[in-house]
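Participant: According to the working numbering, the sequence shown is numbered sequentially starting from 699. Please see the structure below; I have some questions.
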Amino acid sequence: MSDSKRITASKQELLELEKGFWTGDAAYYAANADTECLVAFPRMAKAMDNADLAKTATKPNRWRDLDIELKGIIEPGSDIVMLTYEAHATRENGEPYAALVSTGYVHRVNGWKMMFHSQTPLETAAKS
Numbered sequence: 699m700s701d702s703k704r705i706t707a708s709k710q711e712l713l714e715l716e717k718g719f720w721t722g723d724a725a726y727y728a729a730n731a732d733t734e735c736l737v738a739f740p741r742m743a744k745a746m747d748n749a750d751l752a753k754t755a756t757k758p759n760r761w762r763d764l765d766i767e768l769k770g771i772i773e774p775g776s777d778i779v780m781l782t783y784e785a786h787a788t789r790e791n792g793e794p795y796a797a798l799v800s801t802g803y804v805h806r807v808n809g810w811k812m813m814f815h816s817q818t819p820l821e822t823a824a825k826s
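Shown next as structure tokens:
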């Protein structure tokens with residue numbers, strides 16, 4: 699038996715969930731975030747309950763041209779997955795945005811739910 703642990707979560711499923719958080723509406727957030735979620739952004743860091751987090755997604759399609767480059771994924775337990783990636787997107791107003799993003803998911807009876815999310819903005823120069 700190997701010491702390395704296989705990731706049992708579907709990378710594709712998790713990346714699709716991530717894309718939904720970039721483009722989805724309040725109903726998407728309510729359906730796919732856990733009861734509580736820890737968030738960390740440059741101007742906001744706190745625990746938010748599902749309803750308050752969902753309220754932050756008032757405008758669907760606020761991002762376009764989303765490109766996600768997965769940098770790493772770990773599964774420290776059978777019901778927890780952490781992933782980190784570099785995201786490039788265009789805001790609704792046409793402004794480019796880039797960030798290093800980390801998200802944690804917990805597996806509940808009704809699927810993977812986001813329980814942690816952090817973004818560190820990058821310089822928005824053209825993607826290398």
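Where a beta carbon is used, it is the ideal one built from N, C-alpha and C, also for glycine.
Relative to the C-alpha of A729, which candidate in L798, A749, T818, D763 has its C-alpha closest?
Facilitator: A749
Participant: Mind listing, in chain order, the continuous alpha helix (DSSP H) runs of no fewer than 4 residues lying wholly within the region 712–745?
Facilitator: List check, alpha helix (DSSP H) in window: 724–730.
Participant: Return the CA-CA distance between T733 and P794, expressed in angstroms with no decimal places.
Facilitator: 31 Å
Participant: Please go through the same chain and pick out, in chain order, the residues whose beta-carbon is closer than 6 Å to the beta-carbon of R760, but skip the five residues on each side of it.
Facilitator: E790
Participant: Identify the continuous alpha helix (DSSP H) that holds L751 and give its terminal residues.
Facilitator: 748–753
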